[in-house]
Structures are given as C-alpha cells and as structure tokens.
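Note sheet for the following structure.
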C-alpha cells in the first residue's frame, strides 16, 4: 500500500495490454500510479481516422483504470524510430525518475522484439536500475518470457482492463484486441497460480529497502 508506480508504455495501449489488470488493482489498493506513453503512433493510425485519436483514447483508458489524467504523460516519438532517439528517451526517463521517484516500474520485457519496446526496456533499465522493475507480457512480440512474478487480478480489475482496451476503438481491428484473447490470457496466468485471473511479469530487478 502507498507505493508509487510508473508504467512505461512505448505506445499508447501497450500498458493496458501488458498490465492493465495490475494497474487497476494498484489504483484500487491506493497506490499512486503514473503512466508514460512515449508515442501516440500517429504514423500508424488508419487513414480515415484523426491522426491524434490515440491521444484521446489513452486518456479515456487510463481514467477507466483509475489513473488521474494529471498522472498521464504522452511524448512525441515517432513509432518504429525509437532506436534512433535512445539518448533523448533516456533523458525523458531520468526526468520522470527525478520527478516521480517510483518504487516500482512496469515496462516491456527485455525479450520483446519490437524495436520501440526493446528500446524502452533497455533505456528503462538504465534510468531505473536502483528500483524494482517488472517486465510485462506482450505475447505477440515476446521471443521468450519468464513467468517469474504474478499479480492476482479479480473480476472487477479484469473488467476494468477490458473496458480500458475497448476505449481504443481505433485498434479494434487488431486480432489481439479481442476480449476473448485478453480474458483467455488472464485465465491462463490465473490458472498457473490457482487464481481466477492474473497477469505475469518478468522480474528484471527486485529491490527491498
């Protein structure tokens, strides 16, 4: 209770997919949760939609999870170009660390193969190496994933994750955006620990102070 948690999302919606149920649980439990999205992926938005639609959708999604809007940051890095801007991304993270001073950082797995996710994972370790870091699961990108940490998620938090992802109307054409898949993964991870639902993480660093 009373932890400060920072979610690092390469793109808007990655945090919800990877750890939306955990975010909802932490918010409900009284933790202070901040969400930083490094790109609103304007270059990937379908041509018939407003280019800034993901900025609108992420605001609705984080509110659904319980994060106040003043604890949401959206940066302007172009999708699929993060490796070219590693130093600038690192500097943004260092500034977030100094401002927020998180106890726990949730970020992509170190084995995520998407170039933007891999950059956030690598630079995130550099920026937050003195804090607890948990790598969240994005199954369609992960070459490997060690289920070394689980967070039990109840029905309320599972529903909040599903509703948050439904806020991304512009992304509903993607196969992994289906409620069936999202719930199935929650069920799978829950079964592994004898719970109804859960989310799995890789322990990147665990600090007990």
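Numbering (the numbering used here), first residue to last: -10 to 198. For each residue, glycine too, the CB sits at the ideal point set by N, CA and C. Since the model is a prediction, treat every value here as computed from it, not as a measurement.
Residue burial classification, residue 119 (beta-carbon count within 10 angstroms, cutoff 16):
exposed
When DSSP builds the beta bridges, which residues end up paired with residue 97?
125
Assuming contact is defined by CB atoms lying nearer than 8 Å, are residue 113 and residue 190 in contact in what I supplied?
no
Measuring CA to CA, which of 121, 181, 180 is closest to residue -5?
121
Please report the straight-line C-alpha distance between residue 47 and residue 151, rounded to a whole angstrom.
13 Å
How do the stretch 153 to 173 and the stretch 48 to 58 stand: do at least 3 beta-carbon pairs fall below 8 Å, yes or no?
yes
Tell me whether residue 0 sits in a helix, a strand or coil according to DSSP, three-state version.
coil
How about residue 0 and residue 28: do their beta carbons lie closer than 8 Å?
yes
Could you check whether residue 181 and residue 141 sit closer than 8 Å to each other, using their CB atoms as the reference points?
no
Please name the residue in 12, 162, 43 whose C-alpha comes closest to that of residue -7.
12
State the CB to CB distance for the pair residue 165 and residue 175, rounded to an integer number of angstroms; the pair is presumed to be in contact (CB under 8 Å).
Residue 165 to residue 175, Cβ: 13 Å. No contact.
Closest Cα partner of residue 76 within the set 93, 43, 116:
116
Straight-line CA distance for residue 170 to residue 163?
11 Å
Look up residue 136 in the DSSP assignment and say whether it is helix, strand or coil.
coil
Compare the Cα-Cα distances from residue 98 to each of 20, 89, 58, 137 and report the closest residue.
137
Taking Cβ positions, are residue 22 and residue 63 nearer each other than 8 Å?
no
Do residue 104 and residue 71 count as a contact pair if the criterion is CB distance below 8 Å?
yes
Residue 78 and residue 102 closer than 8 Å at C-beta:
no
Looking at residue 178: is its Cβ nearer than 8 Å to the Cβ of residue 139?
yes
Just the C-alpha distance for residue 16 and residue 65, rounded to the nearest angstrom, thanks.
26 Å
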